[in-house]
Amino acid sequence: MDVNLRVQRYDPAGDRKPYYEEYLLTGQPEGVTVLDALIEVRENVDETLGMRCSCRSSICGSCAMRINGQATLACKTRVSSVAQPDGSVTVEPMGNMPVLKDLVVDFEIFWNKINDIGPWLKTEGPVPEREYIVDNEKMLNLIGTVGCIMCGACVSDCTVLAADPDFLGPAALAKAYRFVGDPRDAHREERLADYVKDGGIWDCTHCYYCVEVCPKGVAPMEWILELRREAEAAGHTNHNGVRHSKVFAESVKEAGWLDEAKLAMESMGSLKEKLSLVPVGLRSLLHGKMPPTGPLHYKRPGADHVKRIFEELEAKE
Amino acid sequence: MIFEHDVLVIGAGMAGLRSAIEANRAGADVAILTKVYPVRSHTNAAQGGINAALGEGDSWESHAYDTVKGSDFLGDQDAIEILAQEAPSDIIELEHMGVIFNRDEEGRLGSRNFGGATHARTYFVADITGQAMLHVGYEQILKYKIPCYNEFFATSLILEGGEAKGCLAIELRTGEMHMVKAKAVIMCTGGVGRAFEPSTNALICTGDGMALAYQAGAPLMDMEMVQYHPTTLPSNGALLTEGARGEGAYLINSLGERFMQKYAPNMLELASRDVVSRSEQTEINEGRGINGCVLLDCRHLGEQVIRTKLSQIYDLAKDFSGIDLVKEPVPIRPGMHYIMGGIKTDVNGRTMLPGLFAAGETACISLHGGNRLGANSLLELVVFGRRAGAAAAEHAARSQHSGAGEKRLKQDDDTIRELLGREDKGEHAGPLRMELGRTMHENVGVYRTAEGLTKAIGLVAQLKERYRRISVGDKGQVFNTNLTAALELGNMLDVSEAICRGSLMREESRGAQFRLDFPDRNDEQWLKHTLAYKDGDSVRMDTLPVKITRWEPVKRTY
Ligand SMILES: Cc1cc2nc3c(=O)[nH]c(=O)nc-3n(C[C@H](O)[C@H](O)[C@H](O)COP(=O)(O)OP(=O)(O)OC[C@H]3O[C@@H](n4cnc5c(N)ncnc54)[C@H](O)[C@@H]3O)c2cc1C
Ligand code: SF4
Ligand code: SF4
Ligand code: FES
Numbered sequence: 291m292d293v294n295l296r297v298q299r300y301d302p303a304g305d306r307k308p309y310y311e312e313y314l315l316t317g318q319p320e321g322v323t324v325l326d327a328l329i330e331v332r333e334n335v336d337e338t339l340g341m342r343c344s345c346r347s348s349i350c351g352s353c354a355m356r357i358n359g360q361a362t363l364a365c366k367t368r369v370s371s372v373a374q375p376d377g378s379v380t381v382e383p384m385g386n387m388p389v390l391k392d393l394v395v396d397f398e399i400f401w402n403k404i405n406d407i408g409p410w411l412k413t414e415g416p417v418p419e420r421e422y423i424v425d426n427e428k429m430l431n432l433i434g435t436v437g438c439i440m441c442g443a444c445v446s447d448c449t450v451l452a453a454d455p456d457f458l459g460p461a462a463l464a465k466a467y468r469f470v471g472d473p474r475d476a477h478r479e480e481r482l483a484d485y486v487k488d489g490g491i492w493d494c495t496h497c498y499y500c501v502e503v504c505p506k507g508v509a510p511m512e513w514i515l516e517l518r519r520e521a522e523a524a525g526h527t528n529h530n531g532v533r534h535s536k537v538f539a540e541s542v543k544e545a546g547w548l549d550e551a552k553l554a555m556e557s558m559g560s561l562k563e564k565l566s567l568v569p570v571g572l573r574s575l576l577h578g579k580m581p582p583t584g585p586l587h588y589k590r591p592g593a594d595h596v597k598r599i600f601e602e603l604e605a606k607e
Numbered sequence: 006m007i008f009e010h011d012v013l014v015i016g017a018g019m020a021g022l023r024s025a026i027e028a029n030r031a032g033a034d035v036a037i038l039t040k041v042y043p044v045r046s047h048t049n050a051a052q053g054g055i056n057a058a059l060g061e062g063d064s065w066e067s068h069a070y071d072t073v074k075g076s077d078f079l080g081d082q083d084a085i086e087i088l089a090q091e092a093p094s095d096i097i098e099l100e101h102m103g104v105i106f107n108r109d110e111e112g113r114l115g116s117r118n119f120g121g122a123t124h125a126r127t128y129f130v131a132d133i134t135g136q137a138m139l140h141v142g143y144e145q146i147l148k149y150k151i152p153c154y155n156e157f158f159a160t161s162l163i164l165e166g167g168e169a170k171g172c173l174a175i176e177l178r179t180g181e182m183h184m185v186k187a188k189a190v191i192m193c194t195g196g197v198g199r200a201f202e203p204s205t206n207a208l209i210c211t212g213d214g215m216a217l218a219y220q221a222g223a224p225l226m227d228m229e230m231v232q233y234h235p236t237t238l239p240s241n242g243a244l245l246t247e248g249a250r251g252e253g254a255y256l257i258n259s260l261g262e263r264f265m266q267k268y269a270p271n272m273l274e275l276a277s278r279d280v281v282s283r284s285e286q287t288e289i290n291e292g293r294g295i296n297g298c299v300l301l302d303c304r305h306l307g308e309q310v311i312r313t314k315l316s317q318i319y320d321l322a323k324d325f326s327g328i329d330l331v332k333e334p335v336p337i338r339p340g341m342h343y344i345m346g347g348i349k350t351d352v353n354g355r356t357m358l359p360g361l362f363a364a365g366e367t368a369c370i371s372l373h374g375g376n377r378l379g380a381n382s383l384l385e386l387v388v389f390g391r392r393a394g395a396a397a398a399e400h401a402a403r404s405q406h407s408g409a410g411e412k413r414l415k416q417d418d419d420t421i422r423e424l425l426g427r428e429d430k431g432e433h434a435g436p437l438r439m440e441l442g443r444t445m446h447e448n449v450g451v452y453r454t455a456e457g458l459t460k461a462i463g464l465v466a467q468l469k470e471r472y473r474r475i476s477v478g479d480k481g482q483v484f485n486t487n488l489t490a491a492l493e494l495g496n497m498l499d500v501s502e503a504i505c506r507g508s509l510m511r512e513e514s515r516g517a518q519f520r521l522d523f524p525d526r527n528d529e530q531w532l533k534h535t536l537a538y539k540d541g542d543s544v545r546m547d548t549l550p551v552k553i554t555r556w557e558p559v560k561r562t563y
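If you read the sequences in order, they're chains A and B.
So the number in our numbering is just where the residue sits in the first sequence, counting from 1, plus 290.
So the number in our numbering is just where the residue sits in the second sequence, counting from 1, plus 5.
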């Protein structure tokens, strides 16, 4: 088959900004992956193409890049499954990390976030002579996070990281759960106290992107939600995030839809924070964008049905 | 720049990480230098697990004997005894560090059966044992704040007064040459799969450390012992684990025959790796293959089994061959998988070059002799990584830094500048590597003859000649992988030469080496290791007797 690659190029020495270069490869095998094609280019067409790759079997995490706009592993992606109707495949470096050259991004950002969560097992007390005796189910549960290959795809496409570089991000937080959920770890409490701080678990907006792009099915967002449940259960409730989810649920339960202004107000813990919302509210009012709030927040038709769903779910819990 | 440490570990696979942890424990200032980020290392690829005689009814003697027998009696028994004796405490230590091993109902470590073993002594983390271990190793490096020179490519060793004193390395991010001085160096650079095409190995497995040590005067041992895995995908060499055959998958030829009935009527598809690989190659050579492959047929196992128990294989076949195993058999062929040979070391990782230590796939102690048993390699990384780390720290405490300075640094820098500055004479790393890989696979693969090996030696020499005229199209400083590919190719050519020479010298068939012209094992003459020394532009060969402590060689039958 023919492969038409559109590759974003950037050489820090000569280029002021990135540009696209097209490579047409003919007679490639049917199962050719995007990585195979890129290697073919690098070895036989254009030796200057820069990228990272190693295992070719989606285990080393080197080859994450954006393919047709979405971060994924080039070695896991077959050209035939992503080629556009005109046969082209667009390949770009990952986002949220500065480009060093062509498809190579600066990964230090990623490792620093991993390092920030205290990524090693912290046991206490006398070390047993044999292994720690722990429940197999609990260990198996952790395999989901241990399966992360640190490819960076989730970090690349995380919408919060794009706006706030201080967010710990999906990969580091999924790794954080790996220790919080490990019965051998003796520092669970401190870890949770640390992860609820700004830039931690409450900053995720559940945009679902990390779940969608992760090539190993780690689903980082699910672990973040798990951490939130653990943090709340451990008494970390004095947080805008906790209030936010409570008000959110109550509002929908009662009226069938969200009272956005109330949500914003009641999520804030302090008077100062509440006051900081006043200018935003006034501006929305002026532009006719203030959603109906308080007594104006009427019940939607079908609200009773929504309420029943809530009640049934609550009964199950 | 010039950096200084007591101990320098080159390579951040599990062998490198484990040795660094131990050197740090011994109080040395240790640093790691690696061409890829630690968690990208090839240790990731190990799926099956890690061996130890931990279970009730099992014994270290039994583990040791299985290993000796598996090695076709070429393994050194003193080293194998240490491996088997120290395995249990090293596995327990991994568990304490954080590895999430699978457990039994009581919450204790649970084990599985593996090829060539008489007990279920393989401990595992689902099918990601290597990855789980490597990531925990990296966590420990972060915990102890051991400095890492990440994405630094080692180009040569510093030699002074016949001792190794550190290395020169290119920082990939900037293209700058640096010198890292050390009182002891541990080489943990992994295997050399890329010298063969196809291979299950990652693109980074280019035998750099073997070549650097060899060029510095340390001998390579048993390099002819190259393991072929029976079930690899033709497109990219990806490995389909033995699990498929374990569940009952068939191997069939172009006529639809289950050909293993001919070659191994009892064990069939589950005979040892060398036997199955040889049988497949015979079928292909005799014209009963399909495009150089035979077929792995899982259809009769049913969708349920394929989708649940063989999910990884199902995905690989789908992703890389575009085949649905439920409906179709997948073409596979034997592919180069592992090298038993390597830099010769003693049981404490000491090479024959003072100050230089080695551990992991790049070393040859020799544990695996003619044939490595599954799940013994990960074990080697931790047991002998630890021992090398301790010995190197001890050596460093008694040793001084080298006086080498800018002049030595400029030497490697000039070599690189010259290479980058060369005009195009038509020779490039990509195509040359492919030729090397095909040459090795065709002549130094599953079946070997003096004729084929002599041909390979000639072809490798020709490739070396052409390599002198190689040029690099990428002239940039930042992340120049074209430059590193050229350097890697130079390393693989040296190592390949040693592989061919060892194979030609060993006039017998043992373990992975099968000589059609010498089809039998010859204990009288060949209970010996082969040693290859670099001697200017040629190779000097020597031999060394195998160490036998308690098990006299007998015929190997399964
Ligand atoms: C598909 C597959 C499955 C396997 N399954 C198993 C199994 O189930 N059980 C088992 O026991 N074994 C298994 N093995 C074998 C085992 O995985 C390897 O032998 C082992 O992981 C090698 O580890 P290592 O630490 O020696 O080197 P590697 O993990 O290969 O690491 C090499 C390191 O050296 C560095 N390096 C190399 N060259 C340079 C240079 N020039 N400059 C700087 N740094 C350099 C690299 O960056 C890397 O960090 C398997 C192998 C493969 C290919
Ligand atoms: S779900 Fe949360 S962590 Fe995941 S990408 Fe969206 S904001 Fe980021
Ligand atoms: S969570 Fe998934 S996408 Fe994110 S780094 Fe890990 S493997 Fe990659
Ligand atoms: S090359 Fe290793 S994940 Fe793609």
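The beta-carbon is built from N, C-alpha and C at its ideal position, and this holds for glycine as well.
Item to check | Same chain only: Cβ atoms within 7 Å of tyrosine 70 (chain B), ignoring 5 sequence neighbours per side | outcome: A distance below 7 Å between beta-carbons, with the five flanking residues on each side excluded, links tyrosine 70 (chain B) to the following residues of its chain, in chain order: Trp556.
Which chain B residues are close to arginine 346 (chain A), counting only those with a beta carbon under 9 Å from its beta carbon?
Going along chain B in sequence order, the residues near arginine 346 (chain A) (Cβ under 9 Å) are Ala207, Leu208, Asn241, Gly242, Ala243, Phe325.
- Paired residues, beta bridge with proline 336 (chain B) - DSSP: When beta bridges are read from the DSSP output, proline 336 (chain B) appears opposite B:Leu300.
Where glycine 346 (chain B) falls, given that 16 or more other Cβ within 10 Å makes a residue buried: Glycine 346 (chain B) should be labelled buried.
Handout entry: Per-residue burial, valine 445 (chain A) [other beta carbons within 10 Å of its own, 16 or more giving buried]
Key = By the neighbour-count definition (other C-beta atoms within 10 Å, threshold 16), valine 445 (chain A) is a buried residue.
*Does ligand 3 have a heavy atom nearer than 8 Å to the CB of proline 239 (chain B)?*
For ligand 3, not one heavy atom lies less than 8 Å from the Cβ of proline 239 (chain B).
ask   = How would you label cysteine 497 (chain A), buried or exposed, when you count the other beta carbons within 10 angstroms and need 16 or more for buried?
value = By the 10 Å Cβ count, cysteine 497 (chain A) comes out exposed.
Flag arginine 299 (chain A) as yes if its beta-carbon sits less than 9 Å from any beta-carbon of chain B, otherwise no.
For arginine 299 (chain A), the answer is no, since every Cβ of chain B falls outside 9 Å of its Cβ.
Given valine 537 (chain A), which residues of its chain have a CB within under 7 Å of its CB, disregarding the five upstream and five downstream residues?
Setting aside the 5 residues that flank it on each side, valine 537 (chain A) is surrounded in the same chain by Lys552, Leu553, Glu556, Ser557, each with a C-beta closer than 7 Å to its C-beta; the list follows chain order.
Applying the 10 Å Cβ sphere with the 16-neighbour rule, what's the burial state of lysine 349 (chain B)? By the neighbour-count definition (other C-beta atoms within 10 Å, threshold 16), lysine 349 (chain B) is a buried residue.
Kindly give me the distance between the Cβ atoms of alanine 466 (chain B) and asparagine 448 (chain B), rounded to whole angstroms, as I take these residues to be in contact under 8 Å. About 13 Å; that fails the 8 Å criterion.
Suppose contacts are defined by Cβ-Cβ distances below 9 Å. Is phenylalanine 1 (chain B) in contact with leucine 390 (chain A) by that definition? Because chain B here runs from 6 to 563, residue 1 (chain B) falls outside it and cannot be looked at.
- [ ] Would you list the residues sitting across from alanine 354 (chain A) in a DSSP beta bridge?
- [x] Beta-bridge pairing links alanine 354 (chain A) to A:Leu363.
query: What's the call for threonine 123 (chain B), buried or exposed, on a 16-neighbour Cβ count within 10 Å?
result: Label assigned to threonine 123 (chain B): exposed.
query = Regarding phenylalanine 457 (chain A) and ligand 2, is the C-beta to nearest heavy atom distance less than 8 Å?
reply = The nearest non-hydrogen atom of ligand 2 is less than 8 Å from the C-beta of phenylalanine 457 (chain A).
Query raised in the report: Quick one: which chain A residues come within Cβ less than 7 Å of aspartate 506 (chain B)?
Result: The question names aspartate, but residue 506 (chain B) is arginine in the sequence shown. Within chain A, no residue has its CB atom less than 7 Å from the CB of arginine 506 (chain B), the nearest being about 28 Å off.
| Would a C-beta distance cut-off of 9 Å place methionine 192 (chain B) and leucine 225 (chain B) closer than the cut-off? | Inclusion of methionine 192 (chain B) and leucine 225 (chain B) in the CB contact set at 9 Å is not warranted, their separation being larger than that value.
- request: Quick one: using the 10 Å Cβ neighbour count with 16 as the cut-off for buried, is threonine 495 (chain A) buried or exposed?
  value: With fewer than 16 other Cβ atoms within 10 Å, it is exposed.
Please list, in chain order, the chain A residues whose beta carbon lies closer than 9 Å to that of glycine 195 (chain B). The contact set of glycine 195 (chain B) on chain A, defined by CB atoms closer than 9 Å, is empty, because the minimum CB distance reaches about 11 Å.
To the nearest whole angstrom, what separates the beta carbons of histidine 183 (chain B) and histidine 342 (chain B), a pair I think is in contact under 8 Å? Wrong, their Cβ atoms sit about 34 Å apart, outside the cutoff.
message: Is valine 470 (chain A) near ligand 3 - that is, is its Cβ less than 8 Å away from at least one heavy atom of it?
response: Valine 470 (chain A) Cβ: outside cutoff for every heavy atom of ligand 3.
query: So which of A:Val542, A:Glu563, A:Leu561, A:Glu311 has the shortest CA-CA distance to isoleucine 599 (chain A)?
result: Out of A:Val542, A:Glu563, A:Leu561, A:Glu311, A:Val542 has the C-alpha closest to the C-alpha of isoleucine 599 (chain A).
ask   = What's the C-alpha gap between phenylalanine 129 (chain B) and isoleucine 55 (chain B)?
value = Using only the alpha carbons, I get a separation of about 6 Å.
Exercise. Going by beta carbon distance, what residues of the same chain come within less than 7 Å of leucine 260 (chain B), once the five residues before and after it are set aside?
Worked result: Cβ neighbours of leucine 260 (chain B) beyond the five flanking positions: Arg293.
- [ ] Assign asparagine 402 (chain A) to one of three DSSP states: helix, strand, or coil.
- [x] In the three-state DSSP reduction, asparagine 402 (chain A) falls in the helix class (H, G or I).
Practice item. Starting from the C-beta of valine 388 (chain B), find all residues in its chain whose C-beta is less than 6 Å away, skip the five residues before and the five after it, and write them out in chain order. Key: Counting only Cβ-Cβ distances below 6 Å, and skipping sequence neighbours, we find Leu88, Glu91, Asp95.
Does any residue of chain B bring its CB to less than 9 Å from the CB of isoleucine 433 (chain A)? By this cut-off, isoleucine 433 (chain A) is an interface position.
| request: Using a Cβ cut-off of 7 Å, pull out every chain B residue sitting near valine 394 (chain A), in sequence order please. | output: Residues of chain B passing the Cβ test: Phe484.
TODO: Reducing DSSP to helix, strand and coil, say where lysine 2 (chain B) ends up.
DONE: Because chain B spans 6 through 563 in this model, residue 2 (chain B) falls outside it and cannot be assessed.
**Asked** Using 9 Å as the limit for Cβ to Cβ distance, is glutamate 111 (chain B) near chain A?
**Response** It does: the Cβ of glutamate 111 (chain B) has a partner Cβ on chain A nearer than 9 Å.
Which residues of chain A have a Cβ atom closer than 7 Å to the Cβ of arginine 126 (chain B), listed in chain order?
Going along chain A, no residue has its Cβ under 7 Å from arginine 126 (chain B), so there is no contact; the nearest lies around 15 Å.
Next item on the list: With a threshold of 16 other CB atoms inside 10 Å of the CB of asparagine 496 (chain B), please say whether the residue is buried or exposed.
Entry: Residue environment for asparagine 496 (chain B): buried (at least 16 other C-beta atoms within 10 angstroms of its C-beta).
Q) Any C-beta of chain A sitting closer than 9 Å to the C-beta of methionine 192 (chain B)? A) The Cβ of methionine 192 (chain B) sits no closer than 9 Å to any Cβ of chain A.
For methionine 511 (chain A), is the beta carbon positioned less than 8 Å from some heavy atom of ligand 2? Proximity of the beta carbon of methionine 511 (chain A) to ligand 2 is indicated: a heavy atom of the ligand is located closer than 8 Å.
Anticipated Cβ contact below 8 Å, glutamate 288 (chain B) with asparagine 258 (chain B), distance rounded = Confirmed, about 5 Å.
*Inter-residue Cα distance where the pair is arginine 391 (chain B) and arginine 23 (chain B)*: Approximately 6 Å between the Cα atoms of the pair.
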